[in-house]
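Peer 1:
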Amino acid sequence: MSELNASILSYPHRGHWGDNTYRGNCSGHVIKDLLDTYHPDNFIEVFSGGGTGEDVAAEYGYKDSIHLDLNNGWDALKDDLPRSSDFIFSHPPYWSIIDYNKVRGEYTDTDLSCNSSYEEFIFKLDQVNEKIYNALTVGGRHAILIGDVRKKGHYYSIVKDMTWIGVLESHLIKQQFNTESSKYQYNGKFIPITHEHLLVFKKIGVWQVDVKWTRDVHYNLLEMNRVTWRALVQSAIQELGGQATLAQLYDILKGCKRAESVSDWKAKIRQTLRASGFKRVKKGTYTLDIS
């Protein structure tokens, strides 16, 4: 076995553990190296899938390890973890990229890979992660392996959007091999996803629960105090199709928040246009200078 000694992980060969035909099965080397790094007293695996973690645990002497999945009748949303642990590894579905109802041959509406909205998936994943955290003993760790998803032209970063429960101790990047996207050639600016995230969260107190989450917020530059005049003028020119007269710029920017803080906001616009990044095409008319 080998300890994790760098934040970039690369396992070209997944190893002999588990069912290598089970879609989405993670490399046994990930679990093996985690166990060798943290040396837990006991080991629980959530979303055990094709049996990789169980094989690794058996080979390296974790006789009382527990491996939970819908495959063996454990429902992550309905059931509690059967005992506490100082180390829990989870490898949840990456939203609906793989439909595990089809893999199992039966439908379960609490399967996280069901065709739910992304928001519903994140909500359910947060529920499971909270349950895992609550099962940890003080000083225990939850290591979660999760990937990003691209669907219908949109990029979804599960690791960013899920709630972080516990104190983040490590964030490792794992290179992916033999992905579906790697089988094809792409034109244009499409960049295939060939990485996963391995996050290790630690429970540091009996009652304390450390939580962090992100939110999506859309601001209007015209209503912001800290925006620069350059950004305002650039945006106004772009809104007008790439070319604008002074009169047009005055009209768009007259009500912006920044204009309230200066006595002569029109002079600020003219001063900004004289700086680099803008080009005068004729008297009183300007474009962006991106040459």
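Final position of the sequence shown in the working numbering is 291; the numbers increase by one with none missing.
Backbone N, C-alpha and C fix where the C-beta goes; we use that ideal spot for every residue, glycine too.
Since the structure is predicted, the reported quantities are computational estimates derived from the model, not experimental observations.
Quick check: what's the CA-CA separation for residue 186 versus residue 157?
Peer 2: If I take the Cα positions, the gap works out to 21 Å.
Peer 1: Would you check if the distance between the CB atom of residue 84 and the CB atom of residue 47 is smaller than 9 Å?
Peer 2: No, these two residues do not count as a Cβ contact at 9 Å.
Peer 1: Just verifying my parser: in three-state terms, what is the DSSP assignment at residue 175?
Peer 2: In the structure shown, residue 175 sits in a strand (DSSP, three-state: E or B).
Peer 1: Pop quiz: residue 14 and residue 20 are said to be a contact at Cβ under 8 Å. What is the actual Cβ separation, rounded to whole angstroms?
Peer 2: Residue 14 to residue 20, Cβ: 6 Å. Contact.
Peer 1: Below 9 Å between beta carbons: does that hold for residue 204 and residue 167?
Peer 2: Closer than 9 Å, so yes.
Peer 1: So, helix, strand or coil for residue 226, using DSSP?
Peer 2: Coil, per DSSP.
Peer 1: Going by CA-CA distance only, name the one from 286, 226, 277, 281 that's closest to residue 250.
Peer 2: Selected option, being the one with the closest Cα: 286.
Peer 1: Would you call the stretch 206-220 in contact with the stretch 235-251, where contact means no fewer than 3 C-beta pairs closer than 8 Å?
Peer 2: Flag = no, the stretch 206-220 and the stretch 235-251 do not touch.
Peer 1: Report yes if the C-beta distance between residue 229 and residue 272 is below 9 Å; otherwise report no.
Peer 2: Their beta carbons are under 9 Å apart, which means residue 229 touches residue 272 by this criterion.
Peer 1: Compare the Cα-Cα distances from residue 118 to each of 211, 97, 134, 78 and report the closest residue.
Peer 2: Ranking the options by Cα distance to residue 118, first place goes to 97.
Peer 1: To the nearest angstrom, how far is it from the Cα of residue 281 to the Cα of residue 268?
Peer 2: Cα to Cα, residue 281 sits roughly 20 Å from residue 268.
Peer 1: Where does residue 7 land, buried or exposed, given buried means 16+ other C-beta within 10 angstroms?
Peer 2: With fewer than 16 Cβ atoms within 10 Å of its Cβ, residue 7 is classed as exposed.
Peer 1: What is the DSSP secondary structure of residue 155, counted as helix, strand or coil?
Peer 2: Residue state, collapsed to three classes: strand.
Peer 1: Going by Cα to Cα distance, which pick from 36, 220, 80, 40 is closest to residue 255?
Peer 2: The shortest Cα separation from residue 255 among 36, 220, 80, 40 belongs to 220.
Peer 1: Which residue comes first and which comes last in the beta strand (DSSP E) that contains residue 144?
Peer 2: Counting along the chain, the beta strand (DSSP E) containing residue 144 begins and ends at 136-147.
Peer 1: Which of helix, strand or coil does DSSP assign to residue 258?
Peer 2: Helix at residue 258.
Peer 1: In chain order, what residues of the same chain have a beta carbon less than 6 Å from the beta carbon of residue 174, not counting five sequence neighbours either side?
Peer 2: Here the set comprises 9, 196, 198.
Peer 1: Confirm, please, whether the CB-CB distance from residue 141 to residue 190 is below 9 Å.
Peer 2: No, the Cβ-Cβ distance between residue 190 and residue 141 is not below 9 Å.
Peer 1: Would you grab the beta carbon distance between residue 44 and residue 65 for me? Rounded to a whole angstrom, and I think it's under 8 Å.
Peer 2: Confirmed, about 7 Å.
Peer 1: Hey, how far is the Cα of residue 56 from the Cα of residue 25?
Peer 2: Each residue's alpha carbon lies about 13 Å from the other.
Peer 1: Checking 9 Å against the spacing of the C-beta atoms, do residue 73 and residue 52 come in under that value?
Peer 2: No, these two residues do not count as a Cβ contact at 9 Å.
Peer 1: Could you say which of 283, 239, 274, 233 lies nearest to residue 259 if we only look at CA atoms?
Peer 2: Taking only the C-alpha atoms, the option nearest residue 259 is 233.
Peer 1: Going by C-alpha to C-alpha distance, which of 169, 236, 162 sits closest to residue 222?
Peer 2: It is 236.
Peer 1: Where residue 316 and residue 37 are concerned, what is the direct C-alpha to C-alpha distance, given to the nearest angstrom?
Peer 2: For residue 316 there is no data in the structure shown, the boundaries of the chain being 1 and 291.
Peer 1: According to the neighbour-count rule (16 or more other Cβ atoms, all chains shown, within 10 Å of its Cβ), is residue 165 buried or exposed?
Peer 2: Counting Cβ neighbours within 10 Å, residue 165 comes out buried, since at least 16 surround it.
Peer 1: Buried or exposed: which applies to residue 94, given that a residue is buried once 16 or more other Cβ atoms fall within 10 Å of its Cβ?
Peer 2: Answer is buried; the Cβ neighbour count reaches 16.
Peer 1: Is residue 235 helix, strand or coil by DSSP?
Peer 2: Here residue 235 sits in helix by DSSP.
Peer 1: Please classify residue 239: is it buried, with 16 or more other beta-carbons within 10 angstroms of its beta-carbon, or exposed?
Peer 2: Counting Cβ neighbours within 10 Å, residue 239 comes out exposed, since fewer than 16 surround it.
Peer 1: What does the alpha-carbon distance come out to for the pair residue 135 and residue 290?
Peer 2: Cα-Cα distance, rounded: 56 Å.
Peer 1: Apply the 10 Å Cβ neighbour rule to residue 261 and answer buried if 16 or more other Cβ atoms are within range, or exposed otherwise.
Peer 2: Classification of residue 261: exposed, given that the 10 Å Cβ count is below 16.
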